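The listed protein sequences correspond, in order, to chains A, B, C and D. Sequential numbering from 1 applies to the first sequence in our numbering. Sequential numbering from 1001 applies to the second sequence in our numbering. Sequential numbering from 2001 applies to the third sequence in our numbering. Sequential numbering from 3001 applies to the fourth sequence in our numbering. What follows is a single structure, written as structure tokens, with notes after it.
Protein chains: 4
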Amino acid sequence: MVNLKGTRLKEVKGAIIGEIRGVDELVRELRGCAFGAGRLAKAVDIYEEMLNEETTKFMGIAGALVPAGMRDIIAEMIRERYVDVVVTTGANLVHDIIEALGEHHYKIKEADENANVAVDDVWLREQGMERIYDVVVHEEAFARLEDFIRSVFENLTRKNGDKSYSIRELTKTIGENISDRNSILRSAVDSEVPVFCPAIADSMIGLHAWIYKQTNDLRVDAFDDMKELIDIFCEANRTGAIILGGGVPKNFIFQTALIAPPREEGQEGFDYAIQITTETPEDGSLSGATLEEAKSWGKIGAKANAVTVYCDATIALPVIVAAVRERRRE
Amino acid sequence: MVNLKGTRLKEVKGAIIGEIRGVDELVRELRGCAFGAGRLAKAVDIYEEMLNEETTKFMGIAGALVPAGMRDIIAEMIRERYVDVVVTTGANLVHDIIEALGEHHYKIKEADENANVAVDDVWLREQGMERIYDVVVHEEAFARLEDFIRSVFENLTRKNGDKSYSIRELTKTIGENISDRNSILRSAVDSEVPVFCPAIADSMIGLHAWIYKQTNDLRVDAFDDMKELIDIFCEANRTGAIILGGGVPKNFIFQTALIAPPREEGQEGFDYAIQITTETPEDGSLSGATLEEAKSWGKIGAKANAVTVYCDATIALPVIVAAVRERRRE
Amino acid sequence: MVNLKGTRLKEVKGAIIGEIRGVDELVRELRGCAFGAGRLAKAVDIYEEMLNEETTKFMGIAGALVPAGMRDIIAEMIRERYVDVVVTTGANLVHDIIEALGEHHYKIKEADENANVAVDDVWLREQGMERIYDVVVHEEAFARLEDFIRSVFENLTRKNGDKSYSIRELTKTIGENISDRNSILRSAVDSEVPVFCPAIADSMIGLHAWIYKQTNDLRVDAFDDMKELIDIFCEANRTGAIILGGGVPKNFIFQTALIAPPREEGQEGFDYAIQITTETPEDGSLSGATLEEAKSWGKIGAKANAVTVYCDATIALPVIVAAVRERRRE
Amino acid sequence: MVNLKGTRLKEVKGAIIGEIRGVDELVRELRGCAFGAGRLAKAVDIYEEMLNEETTKFMGIAGALVPAGMRDIIAEMIRERYVDVVVTTGANLVHDIIEALGEHHYKIKEADENANVAVDDVWLREQGMERIYDVVVHEEAFARLEDFIRSVFENLTRKNGDKSYSIRELTKTIGENISDRNSILRSAVDSEVPVFCPAIADSMIGLHAWIYKQTNDLRVDAFDDMKELIDIFCEANRTGAIILGGGVPKNFIFQTALIAPPREEGQEGFDYAIQITTETPEDGSLSGATLEEAKSWGKIGAKANAVTVYCDATIALPVIVAAVRERRRE
């Protein structure tokens, strides 16, 4: 028996694959492991507790998760209320709409291990194919996006020309105009999950807003989202953050906690946090910053149940969600 | 002599330190090297060419570069017109203002190699110290920031209550209210360099805008910046991008090129690009995406002179700027 | 339908968690995804094909996988002949022996997300605890290791003082002296899987060899392993490499293919390769080098079925092995 | 003034490029910075102190630094006794010999930012070009290497067929047979700097040893180097480690300190350490392990002056060496 500062240390208990069946069984085996395996298992335990404890769950989505094939998982999480609030980059909305319009993303170099090799981007440009790592989108998809977004803007301004919209109202209106029930934006509307997108100007939606505004009036306020987001945080019984990939969504979710008054004496910040990121803290970037660092700001509670899984989100997210879903079915 | 596809390959030529004096001499030695060394040397050559060729230079700033001590270098680059347009995260503006108000950032664990070790973030929280990797800021600095930002908002709305501002007008007004001539925002005003910040809501400035808007009218449009940015791009003779750390600023700069009509037949996208990042392409993130990938979108010209330096920007930026400055003094 | 160079591109098909049960079902859902998810799914397909095709499977083990809890999985892979040849760092053998002797590894900071925080390594030193990221080992475990290794050396030299041993003979003798059937080294002996360790001097076993050689004669040849390894490669019907973490084991496995004569006209190098690594190619390191690069050397066949999963091996390895095992049980 | 646990914290002091000339001046400006910049400046200060304090300096070399163009810098460091002991991977020796024989490494895709793009490794294979990231070597260079290595083996065994050599004796003999005074191995011979290479079997030298041993007797002991290395450590007044890239060289250097008796009460481990690596601790790998972790093992002294620079060594090494050399000339 080994003690450290009065605490009996837990032995590393090797995972055994053996005859296990099921993602949750696998994850339970990883509980006794260290490094990424232990963190992954802990993320599942935290997520399960969040779901059991009436937690308002904020999910931040950065990185091209929709082009990579995570759209259905995210939409499903929204419909099943595995998340209650979404904060995302504009790009993931753009690609969600593209799929909702019946357009597709395509994988290149399926046969090869390294997608970069022998892909000539100048040649792709000539074919009208735009690349996101090992995925391409045809420019026709963006042409259809333009028509769709423009019609949403027209509806908005026709209805109520003078009104200034919040970005969250804009994303809701887009969702209402989508018929594909597997869409993230449509699922959010159906499930009354608000979708915030603070840097929406930094996306194709922003570009088309600019074009539209050349000849029309469209007012979207840069700061109006904060009130709703902060209200949700303040009214929550318990709060949890699921951060995929860092970026603006990570900070926008966490900064909410900076303003909210402590719920009880000494109880400030998020109660739960799961961060999945490939970035590490050593370069000082926010995306790689530890959840411990977030405690110094009061973004995360001093006693929060929190873990960072250093992993490609397209690997860790499906494993975590599948494990939690299996566990809850039992 | 070795040929590859008809091109004579250049030999790797080892760098020799010997008796060299000067950053530029060192970088010239690295020209014959491969890996990061060769890329760093190429970045200096590209920057020099940008400056010689009447290029409009767009700089994207992501990551906590101001807390890390890069504020003076960036402000100097603005004053010397090493950059003509700035796109930044809100956090760097916040920390620029904090320094302009006479407050400071502090280094922790100066004596130790690993800043994380033995720093207890919960304890820091109790001391009112907020941590950014190996830097802390006292909460008093944020209290002074609040007073300052509030007074700027008051001036804005007192002058012209009905007006809807663009974010770039907001950053300019902040800059005009700063007396510290070494400030990034003040230097930008003095040198007529516009500062865009598409995700400004995602910062302390955004939080204070929310508070202010509880009782006042303040209108800042989410999309109004794009027109000015795109105009600058379209009017430029030649265009260059200097991308520090990816994120929203990287995409916001590059997407400008998606809308601008080609200057001449087949000449679209940025003519020059230097990207300094610690992220790599393998996780599909935009921040780590190669500049080749950007060519498939037309963000970068097919024949652009472009390089990515995979490096902590606090190391690569000072070396590159110092080398270019030395070279131009000769 | 979108074509690229005459090939119909596959659409990204979003993964759906829904009611799936089982690791293999999950991985099948990831087949249509891109980025890391697609690579993970491909790794499972390649592994399955390796097992179906009478492939001699070489596994390289670098990184502290045993302290992290991967010992049982690796031992099981050996016993089930999921691998036929092991090349490892010395450290993993040391930690395998420690566990075989009944000693343990312990997890620190189980409750916190960041193992580095508030762990004072100088204080750990005073407690006789040696740290490997979020794992510690007590120095008493190393004392028992010393006794054990010394007794193995004594047996070796008593039996046959003049003989020069290969490193692989040394690892086999160690395995024969281990009674714990879950040990990697013992499982290898039981399953007749050779264990190579080219840098064995770079480990506690090396240190104890040095001490032993102060007063005894012990001859272990640095180069004698290569013959056996190359013979196994040459005699194989088909060859596969499973590379965990790069380092010396990766290169030692791949360089085997440099000498072996092509099995048939134009058929050189490994037929299959799965690489799991957190390192990326951009710094020019061997550990992060792509499997494409390995083709330029002839280490991997031009038509090899190969994939790199950029992921912490403690996450990807259990998922891959569990999926393959489920699939083969069906 | 801000205090933390009784220590007055140092303000971050922004670097100013201005009119500075010289690498050392630049590095002095970075002293007040945080993140990588502060670490780089600290590395220069530590190196200077090592050189002023009669320190025995052990340098570990992993990663393909010679192909990248770092050969002359390393050879110069040896000749100027900036290092006193070298521990390296076999690959760097192989590439040093290739250059010494008048063969070359070549840069590919000089014009493009991303060396991977449009390089077809299967095509390279057909041209007899072997690739290391953005560098290629022609197979003819390896043919000349083979002749050279074989002649060294022949000389060794002709002279003294029965003798068992240590690896360090082998690297010395190779160096003695090299006429190029800029070679690392030859410089080491000329300057009486021992070169250790614990995993030499894992290199082309190892492959040729295997071929040679098919028909000849060549005895190289796997463990014999340790005595000399440990003796050097024990006899040193003060000890310093310069670790480039981790791997076997890092551990082999540090494990030396595990056996050496403390020089004085409580004074164990290296007195100085500089680590330059692109790997981070989060995956538990030795290469990315912090120097703090090394303190828990006693590899580094509790009060050692140590820093990790998270950076491509081809960038950080030239800057550090150039700065130290400038500083010492003053």
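Even for Gly, the Cβ is constructed at its ideal location relative to N, Cα and C. Fair warning: this is a prediction, and the values are worked out from it, not measured in the lab.
Residue closest to residue i, alpha-carbon to alpha-carbon, out of the options
i: C/Q2214; options: C/A2322, C/I2253, C/D2180 and C/F2153; result: C/F2153
i: C/F2196; options: C/F2142, C/A2091 and C/P2281; result: C/A2091
i: B/A1322; options: B/E1054, B/Y1082 and B/C1033; result: B/Y1082
i: A/L229; options: A/L218, A/A257, A/W210 and A/D202; result: A/A257
i: A/S203; options: B/R1158, B/T1171 and B/F1254; result: B/F1254
i: B/V1319; options: B/I1020, B/V1119, B/I1073 and B/I1300; result: B/I1073
i: A/A289; options: A/Y272, A/N305 and A/V309; result: A/V309
i: C/C1967; options: A/T56, A/H104, A/L26 and A/E29; result: The shown model of chain C, from 2001 to 2330, leaves out residue 1967 of chain C, and the question about it has no answer.
i: D/V3086; options: D/V3012, D/I3243, D/Y3272 and D/D3283; result: D/I3243
i: C/M2226; options: C/Y2165, C/E2011 and C/G2036; result: C/Y2165
i: A/E330; options: C/E2019, C/I2078 and C/G2128; result: C/E2019
i: C/G2240; options: C/F2270, C/K2013 and C/Y2212; result: C/F2270
i: B/I1259; options: B/R1238, B/G1298, B/A1236 and B/N1237; result: B/G1298
7 angstroms Cβ cut-off: residues of chain A touching residue i
i: D/E3282; result: T280 and Y310
i: B/N1251; result: D202
Contacts around residue i, its chain only, beta-carbon distance under 7 angstroms, and the 5 residues preceding and following it disregarded
i: A/V307; result: R39, K42, A43, I46 and I274
i: C/A2115; result: For C/A2115, the pLDDT reaches just 39, beneath the cut-off of 50, and the residue's location in the model is therefore unreliable, leaving the point undetermined.
i: A/E326; result: G22, V23 and D24
i: B/A1294; result: F1254 and I1300
i: C/M2070; result: T2314 and L2317
Beta-carbon contacts of residue i that lie in its chain and below 8 angstroms, excluding the five residues immediately before and after
i: D/P3262; result: E3268
i: C/S2316; result: For clarity, residue 2316 of chain C is Ala in the given sequence; the question names Ser instead. Hits under 8 angstroms: L2040, A2043, I2276 and V2309.
i: B/T1007; result: none
i: D/S3287; result: A3062, G3245, G3246, G3247, K3250, T3277 and E3279
i: B/G1128; result: H1138, E1139 and E1140
Where residue i meets chain D, residues with beta-carbon distance less than 8 angstroms
i: A/F35; result: D3283 and G3284
i: B/V1189; result: What B/V1189 touches in chain D: nothing, since even the nearest Cβ is about 19 angstroms away.
Partners in chain B for residue i, counting only beta-carbon separations shorter than 7 angstroms
i: A/V220; result: D1221, A1222 and F1223
Interface partners of residue i on chain C, CB under 7 angstroms
i: D/A3068; result: G2284
Residues near residue i by beta carbon distance below 6 angstroms, same chain, minus five either side
i: C/I2178; result: A2100, L2185 and R2186
i: D/G3175; result: L3185, R3186, A3188 and V3189
Partners in chain C for residue i, counting only beta-carbon separations shorter than 9 angstroms
i: D/F3233; result: Those within 9 angstroms of D/F3233 in chain C number zero; the least Cβ separation is about 12 angstroms.
Closer than 8 angstroms at the beta carbon, the chain B residues around residue i
i: D/K3013; result: G1069
i: A/L207; result: M1226, Q1255, L1258 and I1259
i: A/V85; result: The contacting residues do not exist; A/V85 stays about 15 angstroms from chain B at best.
i: D/R3263; result: Residues of chain B passing the Cβ test: none, with the nearest at roughly 21 angstroms.
Proximal residues of chain C, C-beta to C-beta of residue i below 8 angstroms
i: D/A3064; result: G2284, S2285 and L2286
Beta-carbon neighbours of residue i, restricted to chain A and to distances below 8 angstroms
i: C/A2100; result: Going along chain A, no residue has its Cβ under 8 angstroms from C/A2100, so there is no contact; the nearest lies around 12 angstroms.
i: B/I1276; result: In chain order: nothing, as chain A lies at least about 11 angstroms away.
Within chain D, the residues that residue i reaches when beta carbons sit closer than 7 angstroms
i: C/E2292; result: D3121
i: B/D1072; result: G3014, A3015 and I3016
TODO: Assess, as a yes-or-no matter, whether the region 1246-1263 of chain B is touched by the region 1056-1066 of chain B under the definition of 3 or more beta carbon pairs within less than 8 angstroms.
DONE: yes
Open item on the list: Output needed in chain order: residues of the region 2115-2138 of chain C with a Cβ under 8 angstroms from some Cβ in chain D.
Closed with: N2116, D2121, V2122, L2124, R2125, M2129, E2130, R2131, I2132, Y2133, D2134, V2135 and V2136
- [ ] Flag this pair as touching only if the region 2182-2200 of chain C and the region 2095-2108 of chain C have three or more C-beta atom pairs under 8 angstroms; answer yes or no.
- [x] yes
TODO: Select from the region 135-169 of chain A all residues with a C-beta closer than 8 angstroms to any C-beta belonging to chain B, and list them in chain order.
DONE: Residues V135, V136, S164 and I167.
Task: Three-pair Cβ contact test at 8 angstroms for the region 1275-1285 of chain B versus the region 278-287 of chain A - done: yes
Task: Proximal residues, the region 3315-3327 of chain D versus chain B, C-beta separation under 8 angstroms - done: Taking a C-beta cut-off of 8 angstroms against chain B, the contacting residues of the region 3315-3327 of chain D are I3315, A3316, P3318, V3319, V3321, A3322, R3325 and E3326, listed in chain order.
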